[in-house]
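>
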Amino acid sequence: MSSTRDRSLSAALELLASGGMRALTHTRVDAEARLPRGSTSNHFRTRQSLIEGVIERLDRSDYAEWLLTYEWGEPSVERFCVAMDAAVESMTGRGRIQTLARFALLLEGTHNPSVARAIQVGRDRLRGWAAGAVASLGVSEPESRASALVALIDGAVLHELARPAVGDPNERLPDDRGIDVRLAVRRLLTEG
């Protein structure tokens, strides 16, 4: 069975995904997690510490997802393009709840400097991984292309999340998406 802390964080992700930042209160997290009142505040004394806990959990999960998506072996642009397509599919399919929560936190960071700083730590780590992966492909300007790659993936994910749902988002075929991620990543890596 999950720990109270893990259950609180899972519930917080669900609330952020379904109701945005206004839905994130200790009382609502306890209710969503089916925990006794006050349980979440035993682990996260303030709302800010709860937010930071959620961001930390998202960072660990996202980083692991990116590493698993691009299985290491002989690097190739084509394998990398397929992996980035799979990452977008994962973030908008089975990882949809986490992705919606992440975007709620990103928006909160636009006017809450402490949230922005916490988010930036994870984004810097992800950008560093992307720069290393891009450099392993022998592509010129890996740092700037990695920054563009992260922005491209964020945009593709947001585009997909904003599209009207037709059936179960977990069951959409890659061709059902509004953007060809493989083509966009390939062009980003090989042109210019």
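Per our numbering, the sequence shown starts with residue 3, numbered consecutively. By construction, the Cβ of each residue, glycine as well, lies at the ideal position given by its N, Cα and C atoms.
1) Please list the segments of the alpha helix (DSSP H) lying wholly inside the segment 92–128, counting only runs of 4 or more residues, in order along the chain.
2) Distance, Cα to Cα, glutamine 50 vs alanine 132?
3) From what residue to what residue does the alpha helix (DSSP H) around glycine 157 run?
4) In whole angstroms, what is the alpha-carbon distance linking serine 138 and leucine 154?
5) Give the C-beta separation of leucine 190 and leucine 128 to the nearest angstrom, bearing in mind that I take them to be a contact with Cβ-Cβ under 8 Å.
6) Considering only C-alpha positions, which residue in the set Gly124, Ser43 and Glu76 is nearest to serine 254?
7) Can you find the residues in the same chain that come closer than 7 Å, C-beta to C-beta, to glutamate 195, ignoring five residues on each side of it along the sequence?
8) Helix, strand or coil: which one does DSSP assign to methionine 3?
9) What do you reckon, are the CB atoms on alanine 118 and valine 56 nearer than 7 Å?
10) List the endpoints of the continuous alpha helix (DSSP H) containing threonine 192.
11) DSSP three-state call for glycine 22: helix, strand or coil?
12) Which term fits glutamate 80, buried or exposed, when burial requires 16 or more other beta carbons within 10 angstroms of its beta carbon?
Here's the rundown:
1) 98–110
2) In the sequence shown, counting from the first residue as 1, residue 50 sits at position 48. In the sequence shown, counting from the first residue as 1, residue 132 sits at position 130. Cα to Cα, the separation comes out at about 29 Å.
3) The residue given as residue 157 occupies position 155 in the sequence shown. Note, glycine 157: alpha helix (DSSP H), 144–164.
4) Locating residue 138 in the sequence shown gives position 136, counting from the first residue. Locating residue 154 in the sequence shown gives position 152, counting from the first residue. Going by the C-alpha atoms only, they are around 19 Å apart.
5) Within the sequence shown, numbered from 1, the residue matching residue 190 stands at position 188. Within the sequence shown, numbered from 1, the residue matching residue 128 stands at position 126. At roughly 16 Å, the Cβ-Cβ gap does not stay under 8 Å, so leucine 190 and leucine 128 are not in contact.
6) Any property of residue 254 remains undetermined from this structure, which presents the chain solely from 3 to 194.
7) In this structure the chain extends from 3 to 194, so residue 195 is not present and cannot be described.
8) Here residue 3 refers to the residue found at position 1 of the sequence shown. Below a pLDDT of 50, predicted positions are generally treated as unreliable, and methionine 3, at 48, falls in that range; the measurement from the model is reported next regardless. Reduced to three states, the DSSP call for methionine 3 is coil.
9) By one-based count along the sequence shown, residue 118 stands at place 116. By one-based count along the sequence shown, residue 56 stands at place 54. Against a cut-off of 7 Å, the Cβ pair of valine 56 and alanine 118 comes out as no contact.
10) One-based indexing of the sequence shown puts residue 192 at position 190. Segment 183–192, the alpha helix (DSSP H) holding threonine 192.
11) If you number the sequence shown from 1, residue 22 lands on position 20. Correct three-state label for glycine 22: coil.
12) Looking up residue 80 in the sequence shown gives position 78. Flag for glutamate 80 reads exposed.
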